[in-house]
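Taking it in order: structure first as structure tokens, then the write-up.
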Amino acid sequence: MRQSNPDHQDASSSRRRLVVHADDLGLSRSFNEGIRVAATRGHLTSTCIRVNGAAFETAVSDVVPACPHIAVGLHLNIVEGRSTRRSIGRAETLCDADGAYRHGFVGLLRRSGNKRLLQEIEADYRDQFERALDALGTLDHVNSHQHSHGIPAIFEIVCRLAKEYGVHCVRLPREKPYRIPSMSYHLHRWYAANVVKIALLNTMARRNCRTAARIGVKTNDWFVGIGYTGFMNAATVRAGLAALPRDAGVVELLLHPCVISGEPDEVFLDADLRDYVIQPARREELRTLCDDALFDDVDKDGWRLTCYRCIAGAPCPGHGRNTTKAPTNRIESVGETLAPFAGPMRPPLRALVMLDETPFHHPTFLARLITECEHLDVVGCAIVQLPHGGPLQRYMIRQWRRMGITQFGRLGLKSVSTRVIGRLPQWIRGNREGSVRGVCERYDVPYRIVSKVNTPEFLDYANSFEPDVIVSSCTPIFKRELLNLPTVACINRHSSLLPTFGGILPVFRAVQMGEKFTGASVHRMTPEIDGGEVLSRKWLPIFPGDTLDQLYRLCFTLSFEATNEAAEKLRSEATPRSAPSAGLEKSYFTYPTREDWTAFAAAGGRFI
54 MRQSNPDHQD
64 ASSSRRRLVV
74 HADDLGLSRS
84 FNEGIRVAAT
94 RGHLTSTCIR
104 VNGAAFETAV
114 SDVVPACPHI
124 AVGLHLNIVE
134 GRSTRRSIGR
144 AETLCDADGA
154 YRHGFVGLLR
164 RSGNKRLLQE
174 IEADYRDQFE
184 RALDALGTLD
194 HVNSHQHSHG
204 IPAIFEIVCR
214 LAKEYGVHCV
224 RLPREKPYRI
234 PSMSYHLHRW
244 YAANVVKIAL
254 LNTMARRNCR
264 TAARIGVKTN
274 DWFVGIGYTG
284 FMNAATVRAG
294 LAALPRDAGV
304 VELLLHPCVI
314 SGEPDEVFLD
324 ADLRDYVIQP
334 ARREELRTLC
344 DDALFDDVDK
354 DGWRLTCYRC
364 IAGAPCPGHG
374 RNTTKAPTNR
384 IESVGETLAP
394 FAGPMRPPLR
404 ALVMLDETPF
414 HHPTFLARLI
424 TECEHLDVVG
434 CAIVQLPHGG
444 PLQRYMIRQW
454 RRMGITQFGR
464 LGLKSVSTRV
474 IGRLPQWIRG
484 NREGSVRGVC
494 ERYDVPYRIV
504 SKVNTPEFLD
514 YANSFEPDVI
524 VSSCTPIFKR
534 ELLNLPTVAC
544 INRHSSLLPT
554 FGGILPVFRA
564 VQMGEKFTGA
574 SVHRMTPEID
584 GGEVLSRKWL
594 PIFPGDTLDQ
604 LYRLCFTLSF
614 EATNEAAEKL
624 RSEATPRSAP
634 SAGLEKSYFT
644 YPTREDWTAF
654 AAAGGRFI
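What the sequence shown shows, in the working numbering, is residues 54 to 661, in sequence order.
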């Protein structure tokens with residue numbers, strides 16, 4: 054604890070104390086489920102609820118009662134979405150007439166001397182405090198979105214309100230700078246901004262410490278999770294904790310775990326939030342929170358897990374692996390967080406993965422199947438060659454004529470840049486996979502490059518792996534001999550919602566037709582193209598301004614989730630359940646014509 058809180062020093066203060074925290078409870082359905090899993094099956098000790106989130110009510114009714122052993126605080130938000138204040142009827146400095154917040158962290162910092170703005174912030178915060186207390190009864194601590202309360206004038210408001218409403222602890226965003234070995238993280242535009250933000254917050258923390266002492270609230274001593282926010286895997290957590298002094302005191306570790314639901318009823322405030330939730334890093338952060346080996350090392354290094362309820366001196370049941378009785382519901386893998394199917398489970402299915410050499414999304418998709426899919430054991434890979442030589446030239450000319458020079462040029466630049474990045478050393482690329490071949494070599498998965506998939510030679514190659522399933526993400530049509538080769542099924546990954554959007558470039562058709570959703574589907578393959586039983590379907594909302602490249606990237610992330618879910622169904626001894634298709638009409642689309650692309654561009658659509 055800060056020296057402003059000498060009354061809290063106890064016999065255990067010789068050990069460093071770690072608050073394992075997740076922000077944004079109530080922000081969305083995926084956040085709610087990720088926090089519930091991390092609390093009940095992982096090492097999470099603390100969370101905070103956002104009253105102006107889209108899933109606030111379900112967080113109160115479903116998540117908080119299921120996690121009585123963790124501290125629950127208030128996540129104040131005045132930078133994203135809309136205010137919940139009923140009194141807003143005109144434009145303000147903080148919000149517009151509709152209640153939408155006007156400023157981010159930098160905007161608030163620049164205007165922090167504006168007395169009218171500070172009055173509006175206090176009114177908004179007071180409303181959020183009262184809504185949270187009405188729903189929960191008590192709050193263990195308070196913090197804010199984007200650490201906006203780290204601005205001294207706002208920090209004082211938060212401390213005064215915390216004291217008034219009986220909340221004893223306020224987050225102090227003060228991080229000791231550190232670096233991780235991977236260079237790729239440091240090339241992101243957000244990293245440079247976060248470095249500047251750390252410097253600002255650390256400078257302002259000196260004044261904030263004096264404010265907390267004067268008002269009489271408690272704070273943490275250090276914080277880990279600003280510089281690499283959103284990318285807190287096990288290696289990053291180890292590096293951040295290792296950078297702290299031995300007498301670090303109370304440290305808050307921040308992660309953002311999610312279980313991606315992919316359901317049509319999930320509400321996202323905007324496209325940025327959707328993109329943030331639907332990315333592999335959210336699942337990785339959940340895996341980090343459920344990593345027993347990591348937290349064993351944390352314990353051995355002298356850390357004691359705690360929460361803000363303990364820090365405030367309230368009764369607390371204890372946390373994580375430092376308690377006398379370890380939790381009995383620890384999981385071995387994040388895949389088990391989904392509702393299990395009735396009946397016994399066979400061993401992971403032996404999978405032969407078939408995909409083409411497209412560099413955009415296939416390498417990452419394959420790497421995740423190998424490293425994260427608990428229900429598949431990838432035993433081999435077949436890489437289907439793309440056209441080359443004369444056929445490639447003719448294909449490129451057709452694409453240029455159909456798409457137009459602008460869209461075709463953007464696609465070409467992306468292809469070249471992706472291939473160049475793919476050839477860089479791993480320590481520079483970090484978690485960005487280079488090529489399908491490179492992924493196979495990195496993880497020692499046997500592979501063969503093929504041009505045709507229905508030949509006797511390929512059938513012999515595929516049969517040599519004795520696969521239970523063949524996972525397809527390529528364009529060749531499978532004949533009956535190949536379809537019947539695996540012992541369980543051939544399944545195909547499709548970037549859209551089947552059966553409504555079958556065929557080629559279905560995401561293009563969904564955007565062109567003004568649909569509100571696209572998504573990803575995995576179906577059992579039959580001789581009929583894009584036919585067969587749909588085993589899993591994940592929905593992706595479409596927002597104005599989305600590019601096709603952006604949507605396809607998100608669809609591939611959902612494709613992994615859908616494949617994992619389909620594999621879980623196939624792995625069950627019971628008959629797999631198909632995904633509900635009520636109200637979905639079947640259709641098949643051919644490749645867009647030049648007229649389609651022209652109309653798409655005229656309507657403001659973009660490929661990249």
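We put the CB at the ideal spot given by N, CA and C, even for glycine.
Source: prediction; values computed, not measured.
Span of the alpha helix (DSSP H), counted from its first residue to its last, around residue i
i: CYS363; result: 361-364
i: PRO333; result: 333-342
i: PHE276; result: Per DSSP, PHE276 belongs to no alpha helix (DSSP H); it is in the beta strand (DSSP E), 275-277.
i: TYR329; result: 324-330
i: CYS262; result: 242-268
i: SER197; result: Premise fails: SER197 lies in the beta strand (DSSP E), 195-197, not in any alpha helix (DSSP H).
i: ILE210; result: 205-217
i: TYR496; result: TYR496 -> no alpha helix (DSSP H), and no H or E assigned at all.
i: GLU568; result: It is not in any alpha helix (DSSP H) - GLU568 carries neither H nor E in the DSSP assignment.
i: GLY293; result: 287-295
i: VAL90; result: 82-94
i: HIS415; result: 415-424
i: LYS532; result: Note, LYS532: premise wrong, no alpha helix (DSSP H); not H, not E.
For residue i, the residue or residues it bridges with in DSSP
i: LYS591; result: ALA573
i: ALA124; result: SER99
i: GLU110; result: DSSP output for GLU110 lists no bridge partner at all.
i: ILE313; result: Per DSSP, none; premise fails for ILE313.
i: TRP356; result: ARG69
i: MET407; result: ALA435, SER525
i: GLY555; result: TYR641
i: ASP430; result: ARG403
i: ALA153; result: ARG135
i: ALA75; result: THR100, LEU308
i: LEU129; result: SER197
i: LYS271; result: CYS222
i: VAL506; result: Looking at the DSSP assignment, VAL506 forms no beta bridge with any residue, so it has no partner.
Proximity below 9 angstroms, CB of residue i to CB of residue j
i: LEU536; j: LEU512; result: no
i: HIS576; j: VAL489; result: no
i: VAL290; j: HIS221; result: no
i: ASN130; j: SER81; result: no
i: ALA292; j: ILE233; result: yes
i: SER99; j: CYS434; result: no
i: LEU71; j: LEU306; result: yes
i: GLY572; j: THR579; result: no
i: ALA119; j: ALA92; result: yes
i: ILE364; j: GLN438; result: no
i: ILE251; j: GLY283; result: no
i: ALA295; j: TYR244; result: no
i: LEU593; j: GLY315; result: yes
i: ALA367; j: ASP193; result: yes
Reference residue i, options the options, closest by Cα
i: PHE276; options: VAL73, ARG260, SER625, PRO594; result: VAL73
i: ASP187; options: ALA295, ILE102, PRO400, GLY567; result: ILE102
i: ILE523; options: GLY555, LEU419, ARG260; result: LEU419
i: GLY556; options: GLU621, PRO529, LYS569, CYS543; result: PRO529
i: GLU173; options: ARG260, LEU192, ILE210, VAL104; result: ILE210
i: PHE642; options: LYS569, SER549, PHE413; result: SER549
i: LYS505; options: LEU161, MET407, ASP274; result: MET407
i: ASN261; options: PRO205, THR540, GLU581; result: PRO205
i: ALA266; options: ILE423, TYR496, ASP193, CYS212; result: CYS212
i: SER237; options: VAL431, GLY487, PHE109, PRO310; result: GLY487
i: GLU410; options: PRO520, GLY166, GLY491, LEU214; result: GLY491
i: ARG94; options: GLU145, VAL351, LEU339, ALA656; result: LEU339
Beta-carbon proximity list for residue i, same chain, < 7 angstroms, skipping 5 on both sides
i: THR341; result: MET285, ASN286, ALA287, VAL290, LEU308, LEU347
i: GLU717; result: This structure leaves residue 717 out entirely; the chain is present only between 54 and 661.
i: ARG89; result: VAL116, ALA119, CYS120
i: LYS532; result: ASN507
i: SER386; result: Low confidence applies here, because SER386 scores a pLDDT of 39, under 50, leaving its location unreliable; read the following figure in that light. Once the five neighbours on either side are set aside, the close Cβ partners of SER386 are GLU427.
i: GLU319; result: SER81, ARG82, SER83
i: PHE208; result: HIS202, ASN261, THR264
Extent of the continuous beta strand (DSSP E) run through residue i
i: ILE544; result: 542-547
i: TYR281; result: Per DSSP, TYR281 belongs to no beta strand (DSSP E) and is neither H nor E.
i: VAL503; result: 500-503
Residues of its chain near residue i, where Cβ-Cβ distance is below 6 angstroms and the 5 sequence neighbours each way are ignored
i: ARG69; result: ALA301, GLY355, TRP356
i: PHE596; result: ALA324
i: SER66; result: For SER66, the pLDDT reaches just 43, beneath the cut-off of 50, and the residue's location in the model is therefore unreliable, although a value from the coordinates is still provided. The answer is none, since no qualifying residue turns up.
Beta-carbon contacts of residue i that lie in its chain and below 8 angstroms, excluding the five residues immediately before and after
i: ILE313; result: SER83, VAL330, ILE331, ARG335, ARG336, LYS591, THR610, LEU611, GLU614
i: GLU648; result: none
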